[in-house]
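Asker: Okay, handing you the structure first.
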Amino acid sequence: MTRAGTEHDVLILGSGAAGLTAALNLAPRFKVAVLAKGGLSEGATGWAQGGIAAVLEPGDTFESHVEDTMIAGAGLNNRATVEFVVEHAPAAIARLAELGVPFNIDTDGEGWHLTREGGHSHRRIVHVDDATGWAVQQALEKAAAAHPNITLVPDMVAIDLVTSRHGERYSGDGHVWGAYALNRKKGKVETFCARATILATGGAGRVYLFSTAPRGATGDGIAMAWRAGCRVSNMEFMQFHPTCLYNLEVKNFLITEAVRGEGGRLLIPETGHRFMPEFDERAELAPRDVVARAIDHEIKRLGLDFVHLDISHLDPDFVKGHFPNIYEKLLGLGIDMTREPIPVVPAQHYTCGGVVIDLDGRTDLPGLYAVGEVSQSGLHGANRLASNSLLECFVFGEAAARHIDAHWDMLPPPPPIRGWDESRVTDSDEEVVIKQNWTEIRRFMWNYVGIVRTTKRLERAQHRIRLLTEEIGDYYGHFRVTPDLVELRNLLQTAELIVRSALRRKESRGLHYTLDYPRTLARAQDTVLAP
Ligand SMILES: Cc1cc2nc3c(=O)[nH]c(=O)nc-3n(C[C@H](O)[C@H](O)[C@H](O)COP(=O)(O)OP(=O)(O)OC[C@H]3O[C@@H](n4cnc5c(N)ncnc54)[C@H](O)[C@@H]3O)c2cc1C
12 MTRAGTEHDV LILGSGAAGL TAALNLAPRF KVAVLAKGGL SEGATGWAQG
62 GIAAVLEPGD TFESHVEDTM IAGAGLNNRA TVEFVVEHAP AAIARLAELG
112 VPFNIDTDGE GWHLTREGGH SHRRIVHVDD ATGWAVQQAL EKAAAAHPNI
162 TLVPDMVAID LVTSRHGERY SGDGHVWGAY ALNRKKGKVE TFCARATILA
212 TGGAGRVYLF STAPRGATGD GIAMAWRAGC RVSNMEFMQF HPTCLYNLEV
262 KNFLITEAVR GEGGRLLIPE TGHRFMPEFD ERAELAPRDV VARAIDHEIK
312 RLGLDFVHLD ISHLDPDFVK GHFPNIYEKL LGLGIDMTRE PIPVVPAQHY
362 TCGGVVIDLD GRTDLPGLYA VGEVSQSGLH GANRLASNSL LECFVFGEAA
412 ARHIDAHWDM LPPPPPIRGW DESRVTDSDE EVVIKQNWTE IRRFMWNYVG
462 IVRTTKRLER AQHRIRLLTE EIGDYYGHFR VTPDLVELRN LLQTAELIVR
512 SALRRKESRG LHYTLDYPRT LARAQDTVLA P
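In my numbering, the protein residues as written are 12 to 542.
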């Protein structure tokens with residue numbers, strides 16, 4: 012375990028697919044510390060169900076995977092990045108298999124079993140049943156724990172990056188030398204110094220009231236990088252899953268799209284009116300985005316909290332047989348889906364935007380890299396193609412490690428760094444402020460910056476963000492940091508970046524849909540914000 016004021020060759024913030032891949036590729040030569048803000052397996056990686064995309068089927072081609080990715084991304088993807096990721100995919104899968112990920116084998120025993128997902132024109136998804144992410148996380152963690160050069164540090168909440176401003180002698184070159192992090196168990200801030208730092212902190216889904224992402228997806232890495240001076244891009248592109256259970260306690264239980272596939276209907280609660288045929292001739296079988304937008308439209312138009320997903324008209328044995336896990340889970344919450352409808356809302360699912368990086372995972376600041384969902388590499392464009400996101404973690408985790416290895420001599424050792432200063436803060440006497448503001452942000456982001464946007468709603472959100480920025484800034488300046496305060500500050504910063512990006516885009520493209528600019532412009536351009 013590392014302790015206060017420790018120094019490693021490389022510091023990695025995040026122990027999901029991206030962070031651990033980078034760590035394993037650096038470990039043969041360097042001493043690496045990997046921080047996680049809670050348990051090591053608590054990121055989104057462990058939750059991924061579907062699988063990982065790669066060209067493995069005879070007859071499939073890299074060009075086809077590239078084209079599918081570009082079509083999903085509504086032309087905003089960077090073709091060079093897409094080609095880079097797609098071409099490295101088969102090798103990335105082979106390395107995972109070597110690490111012991113038990114991918115399902117085809118019935119003929121010849122190769123891996125491949126499934127097909129929406130938007131892919133071939134079977135190209137390798138998977139481990141319907142819990143691929145968990146298998147991957149466990150294999151990576153096991154390998155990392157066994158490596159003598161890797162130190163895994165759970166319960167360590169990174170607060171801010173250490174930059175040249177924090178050196179004992181001020182220098183303004185923006186170099187990143189590690190991070191300050193709060194040790195949850197001790198309640199103390201520790202300094203982790205390193206020649207290179209990799210952000211692998213995942214997405215920002217929890218900025219929305221309903222999200223399928225884990226509790227820790229509060230955009231910490233994006234906010235830290237922004238504060239340190241990195242550009243952030245395409246934050247307006249948030250992917251929503253159409254049907255998440257509406258339950259104020261259980262906010263992230265997905266109701267698989269197969270329920271609609273098997274005949275489930277979307278209804279208005281009071282009247283039982285089936286609304287999807289009015290939006291698309293494929294009704295409930297329309298693509299994800301169309302269904303999510305239609306539900307959002309009805310919720311906003313009628314002032315509802317949720318709509319109903321009803322499959323109770325089918326034979327109860329069929330329903331139980333096809334959806335045993337969902338049936339059991341809902342029954343535990345008092346909903347019998349064989350007899351009554353399920354209340355559902357769309358939920359945030361994936362953060363397409365993030366910290367701007369190049370093909371080596373480098374950010375704008377010397378010594379700082381970013382990989383995985385925290386980054387904006389150019390792969391996803393305006394919408395993510397299913398199962399491309401874990402892949403991005405593996406390919407860029409390796410790329411960043413390769414670049415650090417090849418340029419080690421150009422990364423100077425850290426200068427003496429000032430410790431965290433707590434001399435002017437006291438313990439908070441008003442924890443309620445944090446809870447109140449946390450809920451408020453997630454609510455107005457949900458209501459004003461969700462699936463269907465308008466300039467007026469975005470401006471309302473921006474106004475609230477301005478008020479909260481002052482209040483939370485004041486609070487942060489006076490009280491000792493806690494994990495919740497760190498997350499609240501990052502949540503607000505991320506919300507601000509999303510709203511600002513959404514206001515900048517004067518068109519509808521991919522996941523960004525605004526009633527004020529419904530058309531797609533001829534030229535696709537990234538939204539790039541500079542601090
Ligand atoms: C329900 C669900 C299903 C999905 N299904 C698929 C799928 O089938 N296929 C696919 O390709 N993608 C899928 N995705 C997306 C995919 O899981 C994620 O994009 C990917 O796992 C992100 O990996 P990551 O390493 O970037 O971040 P994560 O796995 O989220 O890890 C983030 C890490 O950063 C740490 N961290 C965060 N903040 C701090 C901080 N301040 N200090 C220290 N550590 C910090 C966390 O503790 C964690 O260890 C799914 C996502 C969800 C939510």
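Glycine included, each C-beta is placed from N, C-alpha and C at the ideal position.
Just so we're clear, the structure is a prediction, and the values are computed from it rather than from any experiment.
1. Whose C-alpha, out of Q359, Q473 and L320, is nearest the C-alpha of L341?
2. Going straight from the alpha carbon of E482 to that of V497, what length do you get?
3. So, for M12: in the same chain, excluding its five sequence neighbours on each side, which residues have a beta-carbon less than 6 Å away from its beta-carbon?
4. Please return the same chain residues whose Cβ sits closer than 6 Å to the Cβ of H177, not counting the five positions on each side in sequence.
5. Let's see if you can read the secondary structure: which residues bound the beta strand (DSSP E) around C255?
6. Using a Cβ-Cβ distance under 8 Å, would A150 count as near chain C?
7. Starting from T505 and walking both ways along the alpha helix (DSSP H), at which residues does that stretch end?
8. Hey, would you say the C-beta of L37 is under 7 Å away from at least one heavy atom of ligand 1?
9. Heavy atom of ligand 1 less than 7 Å from the Cβ of E53, yes or no?
10. With C-beta atoms as the reference, is L514 less than 8 Å away from L469?
11. Quick one: what does DSSP say L35 is sitting in, helix, strand or coil?
12. Would you list, in sequence order, the uninterrupted beta strand (DSSP E) runs of no fewer than 3 residues that lie entirely inside the stretch 184-242?
13. Measuring CB to CB, does A412 end up less than 8 Å from A211?
14. Rank D300, E281 and H333 by C-alpha distance to the C-alpha of F290 and give the top, closest one.
15. Pull up the distance between the alpha-carbon of A100 and that of Y361, whole angstroms please.
16. Under the criterion of a Cβ to heavy atom distance below 7 Å, does S388 qualify as lining ligand 1?
17. Could you give the DSSP three-state label for D117: helix, strand or coil?
18. Can you tell me whether V93 sits near ligand 1, meaning its C-beta is under 7 Å from at least one heavy atom of the ligand?
19. Taking the Cβ atom as the reference point for each residue, do Q387 and V406 lie within a distance shorter than 8 Å?
20. Of the choices V77, G86, E53 and A34, whose alpha-carbon is the least far from that of N394?
21. So, are the CB atoms of V137 and L125 less than 8 Å apart?
22. In whole angstroms, what is the alpha-carbon distance linking Q447 and E339?
23. Quickly, what does DSSP pair F490 with across the bridge? List them, please.
24. Just to confirm, is the Cβ distance from A33 to V382 under 8 Å?
25. So what's S386 in DSSP terms, helix, strand or just coil?
26. Sorry if obvious, but does the Cβ on G365 come closer than 7 Å to a heavy atom of ligand 1?
27. I think D231 touches A190, with their Cβ atoms under 8 Å apart; what is that distance to the nearest whole Å?
28. What residue range is occupied by the uninterrupted beta strand (DSSP E) comprising A169?
29. Report yes if the C-beta of V43 is less than 7 Å from at least one heavy atom of ligand 3; otherwise report no.
30. Can you tell me where the alpha helix (DSSP H) holding V93 begins and where it ends?
31. What residue from P354, I306, F73 and K196 has the CA that sits closest to V261's CA?
32. Excluding the five sequence neighbours on either side, which residues of its own chain have a C-beta within less than 8 Å of the C-beta of F92, listed in chain order?
Answerer: So, from the data block:
1. The count along the sequence shown starts at 1 and reaches residue 341 at position 330. Comparing alpha carbon positions, the residue from Q359, Q473 and L320 closest to L341 is L320.
2. Taking the first residue of the sequence shown as 1, we reach residue 482 at position 471. Taking the first residue of the sequence shown as 1, we reach residue 497 at position 486. Approximately 14 Å, taken between the alpha carbons.
3. Position 1 of the sequence shown, counting from 1, holds the residue named residue 12. Only weak support is given to the placement of M12: the predicted model assigns it a pLDDT of 32, under 50, and the value that follows is read from those uncertain coordinates. So no residue of the chain qualifies.
4. On the sequence shown, residue 177 is found 166 positions in, with the first residue counted as 1. Hits under 6 Å: I428 and R429.
5. Counting from 1 along the sequence shown, the entry for residue 255 is found at position 244. M249 to L256 is the span of the beta strand (DSSP E), which, as asked, contains C255.
6. Protein chains in the displayed structure number just one, and chain C is not present.
7. Here the question's residue 505 lines up with position 494 in the sequence shown. Where T505 is concerned, the enclosing alpha helix (DSSP H) stretches over P494 to R515.
8. The residue labelled residue 37 in the question sits at position 26 within the sequence shown. For ligand 1, not one heavy atom lies less than 7 Å from the Cβ of L37.
9. Counting from 1 along the sequence shown, the entry for residue 53 is found at position 42. Under cutoff, so the answer is yes.
10. Against the sequence shown, residue 514 aligns to sequence position 503. Against the sequence shown, residue 469 aligns to sequence position 458. A contact, by the Cβ cut-off of 8 Å.
11. As a first step, residue 35 must be located in the sequence shown, where it is residue number 24. Helix.
12. 187-194 and 199-210
13. Within the sequence shown, residue 412 is the residue found at index 401, counting from 1. Within the sequence shown, residue 211 is the residue found at index 200, counting from 1. No, Cβ-Cβ distance for A412 and A211 is not below 8 Å.
14. In the sequence shown, the residue the question calls residue 290 occupies position 279. Ranking D300, E281 and H333 by Cα distance to F290 puts D300 first.
15. As a working note, residue 100 is residue 89 in the sequence shown. As a working note, residue 361 is residue 350 in the sequence shown. If I take the Cα positions, the gap works out to 20 Å.
16. Residue numbering aside, residue 388 sits at position 377 when the sequence shown is read from its first letter. No, since every heavy atom of ligand 1 falls outside the 7 Å radius drawn around the Cβ of S388.
17. Locating residue 117 in the sequence shown gives position 106, where the first residue counts as 1. In the structure shown, the three-state DSSP call for D117 is coil.
18. Mapped onto the sequence shown, residue 93 falls at position 82. When distances are taken from the beta-carbon of V93 to the heavy atoms of ligand 1, even the shortest one reaches 7 Å or more.
19. In the sequence shown, the residue the question calls residue 387 occupies position 376. In the sequence shown, the residue the question calls residue 406 occupies position 395. Against a cut-off of 8 Å, the Cβ pair of V406 and Q387 comes out as no contact.
20. Against the sequence shown, residue 394 aligns to sequence position 383. Selected option, being the one with the closest Cα: G86.
21. Here the question's residue 137 lines up with position 126 in the sequence shown. Here the question's residue 125 lines up with position 114 in the sequence shown. With a cutoff of 8 Å on beta-carbon distance, V137 and L125 are scored as near each other.
22. One-based indexing of the sequence shown puts residue 447 at position 436. One-based indexing of the sequence shown puts residue 339 at position 328. C-alpha separation (whole angstroms): 33 Å.
23. The residue given as residue 490 occupies position 479 in the sequence shown. According to DSSP, F490 bridges with T437.
24. Position 22 of the sequence shown holds residue 33. Position 371 of the sequence shown holds residue 382. Yes, they are a contact pair.
25. The sequence position of residue 386 within the sequence shown is 375, counting from 1. Strand, per DSSP.
26. Here residue 365 refers to the residue found at position 354 when the sequence shown is read from its first residue. Outside the cutoff, so no.
27. One-based indexing of the sequence shown puts residue 231 at position 220. One-based indexing of the sequence shown puts residue 190 at position 179. That belief does not hold up - the Cβ atoms of D231 and A190 are roughly 10 Å apart, past 8 Å.
28. Indexing the sequence shown from 1 puts residue 169 at position 158. Element bounds for A169: M167 to T174.
29. No copy of ligand 3 occurs in the structure displayed; its ligands are ligand 1 alone.
30. In the sequence shown, counting from the first residue as 1, residue 93 sits at position 82. R90 to L110 is the span of the alpha helix (DSSP H), which, as asked, contains V93.
31. Stepping through the sequence shown from its first residue, residue 261 is reached at position 250. Of the candidates P354, I306, F73 and K196, the one whose C-alpha sits nearest the C-alpha of V261 is P354.
32. Indexing the sequence shown from 1 puts residue 92 at position 81. According to the sequence displayed, residue 92 carries Thr and not Phe. Same-chain partners within the cutoff: L370, S388, G389 and L390.
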